[in-house]
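Asks: Take this structure first; my questions come after.
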Amino acid sequence: MTRAVYRARCQTGYVTYVLEQKDQLDKTGFELLRAMTPTYIEAESERIGCGPGKVTMPRS
73 MTRAVYRARC
83 QTGYVTYVLE
93 QKDQLDKTGF
103 ELLRAMTPTY
113 IEAESERIGC
123 GPGKVTMPRS
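With this note's numbering applied, the sequence shown covers 73 to 132.
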């Protein structure tokens, strides 16, 4: 299992995003979670009114 946590500052205060992948899907391990994290956070930020934002992952 692996988990990604991201904290962002919004107009109303801080918001914490938590993503979790319980199982590896194939030989790539947990790369699915890593690949989806920026898109998920950007979409949720827009949806809840934190405004558009760009999220980048550190290189592994």
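Built from N, CA and C at the ideal position, the CB exists for glycine as well.
Tell me, which residues are paired with Gln83 by DSSP?
Replies: Answer is none; Gln83 lacks a bridge partner.
Asks: Closer than 8 Å by C-beta to Tyr112: which residues in its own chain qualify, once you throw out the five before and the five after it? Chain order, please.
Replies: Answer for Tyr112: Tyr89, Leu91, listed in chain order.
Asks: Could you give the residue range of the alpha helix (DSSP H) that holds Arg119?
Replies: That run of the alpha helix (DSSP H) goes 103-120.
Asks: Would you tell me roughly how many angstroms separate the C-alpha atoms of Arg119 and Arg131, rounded to the nearest one?
Replies: Computed Cα separation, rounded: 27 Å.
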